[in-house]
Structure formats: C-alpha cells, structure tokens
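Residue numbers for the sequence shown follow our numbering, so the first one is 156 and each next one is one higher.
Don't be surprised by glycine CBs; every beta carbon is placed ideally from N, CA and C.
Note that the structure is predicted; figures quoted are calculated from it, not measured.
For reference, the structure discussed in these notes is given below.
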Amino acid sequence: MTAKECSDDYMKKRLIRMAKWHALAKKGKDHDTWHGMRFFEQWADPRIITELRHAFAHYDERDIWRSLFVSLGLFRLVAEETATRSGLLYPGNAHDQVTRFIERLHSKREPF
Numbered sequence: 156m157t158a159k160e161c162s163d164d165y166m167k168k169r170l171i172r173m174a175k176w177h178a179l180a181k182k183g184k185d186h187d188t189w190h191g192m193r194f195f196e197q198w199a200d201p202r203i204i205t206e207l208r209h210a211f212a213h214y215d216e217r218d219i220w221r222s223l224f225v226s227l228g229l230f231r232l233v234a235e236e237t238a239t240r241s242g243l244l245y246p247g248n249a250h251d252q253v254t255r256f257i258e259r260l261h262s263k264r265e266p267f
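Quick look at the structure:
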C-alpha cells in the first residue's frame, strides 16, 4: 500500500505542480491554473491529460511499477519543456541516473 500511495499521491502532486509550471511557462505567468487540480482539464496541456490517464496504478505490484515508469517519462517531457521555455537547463543526466537506478531496483525485485 505504501508504494501505491507514494506513486499515486506524493509523486503525482509533484507531477501536477510541474504541469502548472508548464502551463505558466507556455501561456504566461498570468494564466489561471486555479487552486489544486480544479479545472485541470481546461488549463493543462492535452498531452499531459492523455498520459496522466495511464500514470495511476491499480493495487497491483506490476501496475505500480508500470505507472511509475509512465510517470517518470511524463515528468521528464513536461519538465524539459518547462525548463526550455523558462530559459533553464533540465538536469537530464540526473534524471537518467534516477531512471537507471529505478530500473535496477525493478529488475532485482522479488515479487510479492
């Protein structure tokens, strides 16, 4: 349950925060992203909305891993675009290292 909660709550909140920054970087700092996730489907990039549908897991080990990798990919896409539009460098090397670490954990896991 802890892995699912972390993946579907804690990490998704970070992804939603990045989606807000993405919307502001793309549409201007005065673009209304509302409070929390209110009207998310109206202000978020359609690609984020589409991918986010696949980023939540069922209460199943395999699906939690799958959703984690979807979330990592989506975060990278959104964060790289946000950084570029904001004149910043995205730490792609750090992202790659984290992804490889998670892939190693995934490959060495013992199924429940």
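Buried/exposed call for residue i, threshold 16 Cβ in 10 Å
i           : result
residue 253 : exposed
residue 156 : exposed
residue 184 : exposed
residue 237 : buried
Sequence-distant residues of the same chain with beta carbon closer than 8 Å to residue i, five excluded per side
i           : result
residue 210 : 167, 170, 222, 225, 226 and 229
Beta-carbon contacts of residue i that lie in its chain and below 7 Å, excluding the five residues immediately before and after
i           : result
residue 219 : 158, 159, 162 and 212
residue 199 : 174 and 178
residue 231 : 250
residue 204 : 196
residue 214 : 159
residue 240 : 180 and 181
residue 271 : Summary: the structure shown does not reach residue 271, with the chain confined to residues 156 through 267, and so no result is reported for it.
Proximity winner among the options, relative to residue i (alpha-carbon distances)
i           : options               : result
residue 242 : 214, 181, 251 and 198 : 181
residue 245 : 234, 255 and 203      : 234
residue 206 : 174, 240 and 215      : 174
residue 264 : 193, 192 and 216      : 216
Terminal residues of the alpha helix (DSSP H) in which residue i lies
i           : result
residue 234 : 216 to 240
residue 162 : Per DSSP, residue 162 belongs to no alpha helix (DSSP H) and is neither H nor E.
residue 200 : Looking at the DSSP string, residue 200 is not in any alpha helix (DSSP H), and its letter there is neither H nor E.
residue 256 : 247 to 263
Sequence-distant residues of the same chain with beta carbon closer than 6 Å to residue i, five excluded per side
i           : result
residue 188 : 175, 178 and 198
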